[in-house]
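In what follows, a single structure is set out as structure tokens and then discussed.
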Amino acid sequence: MTQQSGRKIGGPLLKVQGISLSFGGVKALSDVSFEIRQHEILAIIGPNGAGKSSMLNVINGFYHPQSGTVTYKGATRKQMQPHEAAEQGIARTFQNIALFKGMSTLDNIMSGRLLKMKVNFFLQALYWGPAQREEIAHREVVERIIDFLEIQAIRKTPVGKLPYGLQKRVELGRALAAEPDLLLLDEPMAGMNVEEKEDMCRFVLDVNEEFGTTIALIEHDMGVVMDISDRVVVLDYGRKIADGVPDEVRANKDVIDAYLGVSH
Amino acid sequence: MELQDLYFLIEVIIGGLMAGVLYSLVALGFVLIFKASGVFNFAQGAMVLFAALPVVRLIEWGVPVWAAIAAAAAIMIGLAFVIERTVLRPLVNQEGIILFMATLGVTFLLEGLAQQIWGSEVYRLDIGIPTDPLFLGEILVNGFDISVAVAAGLLVAALIAFFQTTKVGRALRAVADDHQAAQSVGIPLNHIWIIVWSIAGLVALIAGIVWGSKLGVQFAMTFVALKALPVLILGGFTSIPGAIVGGLIVGAGEKLSEVYLGPIIGGGLENWFAYMLAMVVLLFRPQGLFGEKIIERV
Amino acid sequence: PAWAQANEQFMPVLVYRTGPYAVNGIPFADGYSDYLNMLNERDGGINGVKLVIEECETGYATDRGVECYERLKGKGPTGAALFNPLSTGITYALMDRAPVDKIPVITMGYGRTEAADGSVVPWAFPILGTYWSAADIAMNYISKEVGGVAKLKGKRIALVYHDSPYGKEPIPVLRKLAQDYGFRFDELPVTHPGVEQKATWLQIRQNRPDYVLLWGWGVMNSTSIKEAAAVNFPRERMVGVWWSGAEPDVRPGGDQSKGYKALALHTTGSGATAHEDIRRFVYDRGKGKGKREEIGEVLYNRGMMNAVLATEAIRTAQERYGKKPLTGEQVRWGIENLNITEARIQDLGLVGMMRPVKLSCSDHEGGSRARVHQWDGQKWVILTDWIEANQKMLRPMVEAAAKKYGEEKKITARDCAKTS
Amino acid sequence: MLYREAGQFKASYAADQAIFPIAQDRVLMAILLVVAAVVVPLTATQYLYTAILIPSLILALAAIGLNILTGYCGQVSLGTGGFMAVGAYTAYNLFIRVPELNLLLVLLAAGAMAALVGVIFGIPSLRIKGFYLAVATLAAQFFLDWVFARVPWLYNYSPSGSVGVPDLYVFGFPVITPTQRYLFILAIVALMALVAKNLVRSSVGRAWMAIRDMDIAAEIIGIRPLQTKLSAFAVSSFYAGVSGALWAFLHLKSWEPAAFDINRSFSLLFMIIIGGLGSILGSFIGAAFILLVPIFLNQVPPALGIPLSTATISHLEFMIFGALIIFFLIVEPHGLARLWQIGKEKLRLWPFPH
Amino acid sequence: MAEATTTNPATTLLQVSNIEVIYDHVILVLKGVSLSVPEGGIVALLGANGAGKSTTLKAISNLLRAERGDVTKGSIEYKGQRIDGLTPNDLVKRGVIQVMEGRHVFGHLTVEENVMTGAYTRNDGAAAIRDDLDLVYRYFPRLKERRRSVAGYTSGGEQQMTAIGRALMSRPKMILLDEPSMGLAPQLVEEIFEIVKRLNEQEKVSFLLAEQNTNIALRYAKYGYILENGRVVMDGDATALAANEDVKEFYLGLSGTKRKSYREVKHYRRRKRWLS
Ligand SMILES: Nc1ncnc2c1ncn2[C@@H]1O[C@H](COP(=O)(O)OP(=O)(O)OP(=O)(O)O)[C@@H](O)[C@H]1O
Ligand SMILES: Nc1ncnc2c1ncn2[C@@H]1O[C@H](COP(=O)(O)OP(=O)(O)OP(=O)(O)O)[C@@H](O)[C@H]1O
Ligand SMILES: [Mg+2]
Ligand SMILES: [Mg+2]
């Protein structure tokens, strides 16, 4: 991991323009445009079924929108394959945890580094020389992530057996292992108590600050969103209804009606 | 000779369709159990044997036909209870492949048990369905096949009605998706399993009687289960009409291929032809022709 | 150990009493064991050497057969006397092992054709007929039916066969005959286990062959007959090999099987003295393996015949090596020098059931003759006298095949002129 | 606390990533190898070799192959028998057509050819999944069976379609007696098992497991599904191919396509499920279980002097075998290897219950 | 430390006494948990990840067996009768139903079919069931919009609503709610708890809810238990718990009375005071 001290929000790293996506009769997204700027933390919020997860799926190529474009690192395209997105430095976590259930925590995070492992098949088969060296080099990186996330104790546990909250953390670890430029987090703090959310926020902030990773996250906890994000995009029924710094959004009438409700 | 060839083509197709009906009967048993519990029941073939043997032996011993069939039906229902109790219940919520393996154990058990109790020779079964060839004009068809086709049609209609109009139908599908969640809303897995395994047992009984009347009742019956596999993937694991349509397509397809392609590239190709056909279809529809869509979402 | 001194000859019996081929395996195994038991009960064995029988279930599967062989080959004071695998696949596997272990393999009416040439394959004995002989005999019969070989020209003959080495063996001979006599020959394979034959018989219906040869086993046979009925092919114009002409093959078809013909290596019926003795010494004492009614059925008698050949070979060997338990190697000599004469058949109480047979170093078949019998709905009726295979044509083919086999296996042929 | 790992500290990641990080396991493995390579040859009978050791080792090799595909990569296959046949017939044809070729090269080529065929039949796996794929792989099984029965060149025009090989030599050393064959096979299987273990614990293996556990997520983290699946098909078929060649050349010596029929494929699948999906050790245990238990059951009643007819014995064998499968699945659905692991876990804690 | 909860004046509906749960024959997860839910009560079960909340609920609803877990000690009583031996089906018939964590909708069924499966155990006629379906749609209008969609494709929150709606269809007397708020938009979370409150007040349904959102849970619950590492470490009236300093700091994120900003929290894991 390359250390980058300080953090300055830069120009747009990724830009979605006029994205529309529908499934049969269901319009998940209609004509959504916004941008994610270098080094920022962007929150995407909105009621259930608003199309937030679908938006992430579009960004990393899992869904192919009917219209609209995604511009990433200067290149504009209509669609790409998920593994291309991964190769270009987009990593993510999932709303319904998508860990590899049969593998240990360590292996799960190691699998996040697959794209960086270059030693050929035959050397791996012999587990000899360069293969072993590479394996250990990556293991060291992964161990740093494990330390960072404080999950040393569950290194060798099959993740299927872990409680929900830890699984979320392992998933974050797997995404970090790819050393992404853009990190997409889908409800990383769902199902956690305040203390755990505090930890998770800390991780997110640290990743953002220390490594300069750009982060887009979906979250329903307004406390978290308002505290840690630089900007907020609000979706409702597949449309973007607001976009701005937290305080602006919080005061936005449409947002209050559609999402926040009166009590906030 | 032109017309003659056409007649022959029609005969081949009819012959294939009729063979297909028989495959469908076995496939139907698979589909019921898969649909209702997500279990790929390898024992379906053994169940066909297990159901047919008592019928034929009891008739041999002088029991009236209807009573023999009733007794076999009772045996199959009893079997459903036993399987639920000893196999399915302890393995609730396990992955499909493990349940599949367990049904393999059931297969061995049934094969051994059936032969031990009822004997391992060939037994002739005649419940009075006419088997003579019939001529419709120039075209030769088999009287027996027609009776079977009609019976199979009725059976399927009845099954579809049962599954569509009762709340059990919905519960069955729920169980197939998620055992634990089904339990959590109070669907009694045990009952559901007994019901489907009983129905599958009865379907096996019918298949057994049909095959038995055609070929004699004997161990080789368990092999017809293999024939049902391409039917299943073609029609889709979860679709009752799929089992029927798949059976017809596979039956006709393999006979046509054997008759017309066999002499050119070497006989015996009907064995893989059905699978290749099914595989090609799957490339375009991964869930088979009528199967439920495979859901992938993150 | 104590058994080392025992005056016992160990007789392994590979059987299949379960699975898809049990139908045919059971009566055969019963006949084999019952005859051996009869000798024990009646004569106290062979010249006082008791026969110890142990069955092993193979399920007709080659690897299980090999396991059985390995398990049984060393048993008894002198090891197994001989093996009788009753499966072409197992035979093939044992043929590689037999020379190493020095145990002979008898494959009466089946097995590998090359083995008929004893100079290359010393340890296997396809006594009384290989499939090549069978094919020739069947065609000989058909040619008589149509009024002479000349009339075969332009005829069409189909072979419906079990798609395995067993079913494929006759093909080279039939192809050659087709060329020689100018008939058209169709090959129609049927895949194991043979319950699916609709397409095959539809093709027959379309091609309208004059005769259909049937080379099936197990359920395939009865299925063929039923499918023939379903497409209205006359059963009278079907000729089965001797493994496709037993009661389990025709009974499931009921009336549809009437008129079906097959080769017979021996007669059916249970009227011979030997059958009498089996009933008296074995079944009356409650030691029968099968059902009393089964005695005399085709495959039961075939099992008996196998046992006769085995025991007569041991008897022959005892004349040379002494009346004691013999090793496989000694028994092999006995088989190779087997000579069952008319008179001996009389003594054995098998009059009318079998023909004399004499083997030699180079000839492990001992000539092949068969009759044709026909199912009349109740029983098999003999139609013809013994028909002999045309060894003049077959023998060179056998020798050529054996030579190739020898090359493949790197075997140097024995010089039969020198062996005694 | 027999199985105690307390006090064993791993000082480096290399040590932690060793195949057997716990000392007891290393010792056990060493003992096992010594027994297999030294004690067995000194004591085994022919029967033990030819009916038990040789076939179980060869089938274990094929089971490892299938386990790579099914247990590690999650692609259920019922075509292993067909791939074994490809290996056997490739080896046969090389052997008769290029007689001077070294046996090891022949085996290698057998594996390579099987891998190639495996890859071709693996292509549909991109779209077809689960049981659908399992059944679709039967197409490979039946098609290959058919090819080896129908293309005369492949069986060297043998009239019966059955082929065989003579006694074999490697670098001039005979591989003829059961002991020689056993040692040769043991060496190959041990080596290939080690390679398999290496693969599954390196990044290739992780990619396979990722695809198995959740293929969409794997794709999203950058794993290319087709390449990964095909590599599993290739490696798996390679193992099957080598195992097929060994089965034909060193176990059966004469064979026909039926030696590699659908039953072989099924029994291999049973082996890995009973042994443990995703476990190399499980492949061995499973092969031994499926192969040996019926043989064992078959011999028990006669050995105890219980007078049962052969038919009854074999029916009983069927029933008990079936019941045992169910029993073991209920005790531990994840296979005998997992049972072994749990046993170790308990030993580790013993005598404390938790 | 938590003592037997005899202080509760209302009659006890559910009584869990000293249960121990082991997974896979080796993993000991609950180490003697006792709790009780009074008739008509709302009881919150709080605790960190992996504390054993879900396990406790599954032990009560007897869904553990399906995960190869076993209750090896202790007893569970509902209305004074032991229920440890009953099947989940029996329990649902008696009015105890669990809403599982992680949604567990039937992916291949439509949203409406999913909801209807909840009525499996009922036999009070189609009309009554229909009415309840309408009621569920009234609670969750979003579901009505998506009623014909295959549940597997619906969004996380929609699935959560489906799961809750499904449970309501059985007309339960006691609902075991596992993380109902997870993945729901704030507005909806409030609504769900309002529904809980309404059911509790109008239909006298009792609730045992495992919830990470301590804040809201303690607002609606009357009583609470805090679980750590498979043991109950604290219990008490909801108001008392909410006032406890430790609870405030670790579960409510308050320092003093003011909410801390997530940005400000600098230290990672802090030692739990009651464990040290
Ligand atoms: N693959 C799909 N097929 C059909 N409908 C889909 C699919 N993916 C998403 N949808 C629909 O699109 C809409 C948006 O879904 P999405 O998952 O993006 O919502 P969300 O904003 O993430 O909601 P939540 O906060 O509940 O997770 C939903 O109504 C959902 O049912
Ligand atoms: N099926 C299982 N097999 C083995 N261990 C399990 C299983 N399910 C849960 N556990 C273990 O039991 C412990 C308690 O898990 P549980 O799910 O009850 O926690 P929880 O309090 O609900 O946590 P969360 O808030 O994350 O949902 C965890 O340590 C977990 O690893
Ligand atoms: Mg979402
Ligand atoms: Mg939980």
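Protein chains in written order, with this note's numbering: chain A, 7 to 270; chain B, -5 to 292; chain C, 1155 to 1574; chain D, 10 to 363; chain E, 10 to 285.
We put the CB at the ideal spot given by N, CA and C, even for glycine.
Here the structure is a predicted model, which means the values were calculated and not measured.
Margin query: Can you tell me whether ARG1486(C) is buried or exposed? The criterion is at least 16 other CB atoms within 10 Å of its CB, across all chains shown.
Written below: Buried, by the Cβ-count rule.
Checklist line | Any non-hydrogen atom of ligand 4 closer than 7 Å to ASP187(E) Cβ | finding: Here the distance from the Cβ of ASP187(E) to the nearest heavy atom of ligand 4 is below 7 Å.
Next item on the list: For my contact list, LYS203(A) and ASP227(A) are in at a C-beta cut-off of 8 Å; report their separation, rounded to the angstrom.
Entry: About 7 Å separates the two Cβ atoms, so the contact holds.
Next item on the list: Would you please state the rounded distance, in angstroms, between the beta carbons of TYR269(B) and LEU147(D)? I believe it to be under 8 Å.
Entry: Confirmed, Cβ separation roughly 5 Å.
Notebook entry, point to check: Is it the case that the Cβ atoms of LYS1322(C) and PRO168(D) are separated by a distance below 8 Å?
Noted result: Taking 8 Å as the cut-off, the beta carbon of LYS1322(C) is found closer than this to the beta carbon of PRO168(D).
Check: Leaving out five residues before and five after ARG119(A) in sequence, what residues of the same chain have Cβ atoms less than 8 Å from its Cβ?
Finding: For ARG119(A), where only same-chain residues beyond five positions count, the Cβ hits under 8 Å are HIS144, VAL147, VAL148, ALA183 and ALA184.
Note to self: With DSSP as the reference, identify every bridge partner of LYS1204(C), one or two as the case may be.
What the structure shows: Its beta-bridge partners are GLU1162(C).
Next item on the list: Go ahead and pull the three-state DSSP assignment for TRP1529(C).
Entry: DSSP places TRP1529(C) in strand when its eight states are reduced to three.
Notebook entry, point to check: List, in order along the chain, the chain D residues whose C-beta lies closer than 8 Å to that of ALA272(B)?
Noted result: Residues of chain D with a Cβ closer than 8 Å to the Cβ of ALA272(B) are, in chain order, VAL144, ALA145 and ALA148.
Item checked: Complete beta strand (DSSP E) runs within the region 86 to 154 of chain E (minimum length 3 residues, chain order) -> Within the region 86 to 154 of chain E, the complete beta strand (DSSP E) runs of at least 3 residues are 105 to 108.
Check: In chain order, what residues of the same chain lie with their CB nearer than 7 Å to the CB of ALA67(B), ignoring the 5 residues before and after it?
Finding: Closer than 7 Å at the Cβ level, and outside the excluded window around ALA67(B), lie LEU196 and LEU199.
Item checked: Three CB pairs or more closer than 8 Å across the region 240 to 247 of chain D and the region 46 to 53 of chain D -> The region 240 to 247 of chain D makes no contact with the region 46 to 53 of chain D; the number of CB pairs closer than 8 Å stays below 3.
Next item on the list: Name the residue from ILE152(A), GLY16(A), GLU41(A) and GLN23(A) whose alpha carbon lies nearest to the alpha carbon of VAL239(A).
Entry: Ranked by how close their Cα comes to the Cα of VAL239(A), the residues ILE152(A), GLY16(A), GLU41(A) and GLN23(A) have GLU41(A) in first place.
Check: Alpha carbon to alpha carbon, how far is SER269(A) from LEU75(D)?
Finding: Any answer about SER269(A) is weak, because its pLDDT of 46 lies below 50 and its placement is not dependable; what the coordinates show is given next. For SER269(A) and LEU75(D), the distance between alpha carbons rounds to 59 Å.
Notebook entry, point to check: Taking just the CA atoms, how far does ILE173(E) sit from GLU78(B)?
Noted result: Straight-line Cα distance between these residues: approximately 30 Å.
Check: Should SER63(E) be counted as a contact of ligand 4 given a C-beta to heavy atom distance under 7 Å?
Finding: Yes, ligand 4 has a heavy atom inside 7 Å of this Cβ.
Notebook entry, point to check: Is ARG119(A) helix, strand or coil when you go by DSSP?
Noted result: Of the three classes helix, strand and coil, the one that applies to ARG119(A) here is coil, per DSSP.
Notebook entry, point to check: CB of ASN222(E) to nearest heavy atom of ligand 1: below 7 Å?
Noted result: Because no heavy atom of ligand 1 lies under 7 Å away, the Cβ of ASN222(E) does not count as near it: no.
Notebook entry, point to check: How close, in whole Å, do the beta carbons of ARG164(B) and THR96(E) come, if the pair is a contact with beta carbons under 8 Å?
Noted result: No, ARG164(B) and THR96(E) are not in contact; Cβ-Cβ is about 20 Å, not under 8 Å.
Check: So, helix, strand or coil for MET10(D), using DSSP?
Finding: Only weak support exists for where MET10(D) lies, its pLDDT of 45 falling under 50; the value from the coordinates is given anyway. In the three-state DSSP reduction, MET10(D) falls in the coil class, being neither helix nor strand.
Notebook entry, point to check: Which partner residues does TYR1454(C) have in the DSSP bridge list?
Noted result: Answer is none; TYR1454(C) lacks a bridge partner.
Next item on the list: Express the C-alpha separation of ALA196(A) and ILE50(A) in angstroms, rounding to a whole number.
Entry: Approximately 14 Å, taken between the alpha carbons.
Check: Where does the unbroken alpha helix (DSSP H) through VAL22(A) begin, and where does it stop?
Finding: VAL22(A) -> not in any alpha helix (DSSP H); beta strand (DSSP E) instead, spanning 18 to 29.
Margin query: Whether or not the region 249 to 262 of chain B and the region 52 to 62 of chain B are in contact is what I'm after, with contact meaning three or more pairs of Cβ atoms, one per stretch, closer than 8 Å; do they touch?
Written below: As far as the Cβ criterion goes, the region 52 to 62 of chain B does not touch the region 249 to 262 of chain B, which means the pair count is below three.
Checklist line | TRP1286(C): first and last residue of the uninterrupted beta strand (DSSP E) it sits in | finding: Annotation for TRP1286(C): no beta strand (DSSP E) segment contains it, though the alpha helix (DSSP H) segment containing it runs 1285 to 1300.
Item checked: ILE36(E): CB within 7 Å of a non-hydrogen atom of ligand 2 -> For ligand 2, at least one heavy atom lies less than 7 Å from the Cβ of ILE36(E).
Notebook entry, point to check: Is it true that the CB of ALA1567(C) sits closer than 8 Å to the CB of VAL1220(C)?
Noted result: No, they are not a contact pair.
Check: Where does ARG180(E) fall in DSSP's three states?
Finding: DSSP, reduced to helix, strand and coil, places ARG180(E) outside both helices and strands of the structure shown, so it counts as coil.
Check: Does GLU228(D) have its Cβ less than 8 Å from a Cβ in chain A?
Finding: Using beta-carbon distances, GLU228(D) counts as an interface residue toward chain A, with a partner under 8 Å.
Margin query: Does THR16(E) pass the burial test, meaning 16 or more other C-beta atoms within 10 Å, or should it be called exposed?
Written below: Only weak support exists for where THR16(E) lies, its pLDDT of 44 falling under 50; the coordinates are left without a value.
Item checked: Contact with chain B by ALA7(E), beta-carbon distance below 8 Å -> Because chain E is modelled from 10 through 285, residue 7(E) falls outside the range shown and cannot be assessed.
Note to self: Closer than 7 Å between beta carbons: that is the criterion. Which residues of the region 279 to 310 of chain D meet it against chain A?
What the structure shows: Taken in chain order, the members of the region 279 to 310 of chain D whose beta-carbon sits within less than 7 Å of a beta-carbon on chain A are GLY287.
Next item on the list: Could you list which residues in chain E have their beta carbon closer than 8 Å to that of ILE289(B), in chain order?
Entry: Ordered by position in chain E, the residues that pass the 8 Å Cβ test against ILE289(B) are GLY116, HIS117, VAL159, GLY161 and TYR162.
Margin query: Please tell me whether, using a cut-off of 7 Å, the distance from the CB of GLU110(E) to the nearest non-hydrogen atom of ligand 6 is below it.
Written below: Only ligand 1, ligand 2, ligand 3 and ligand 4 can be found as ligands here, which leaves ligand 6 out of the picture.
Check: Rounded to the nearest angstrom, how far is the Cβ of GLY1173(C) from that of TYR1214(C), given a contact under 8 Å?
Finding: Contact between GLY1173(C) and TYR1214(C) holds, since their C-beta atoms are separated by about 6 Å, short of 8 Å.
Item checked: Interface residues of chain E facing ASN87(B) [CB-CB closer than 7 Å] -> Chain E residues near ASN87(B): ALA75 and GLU76.
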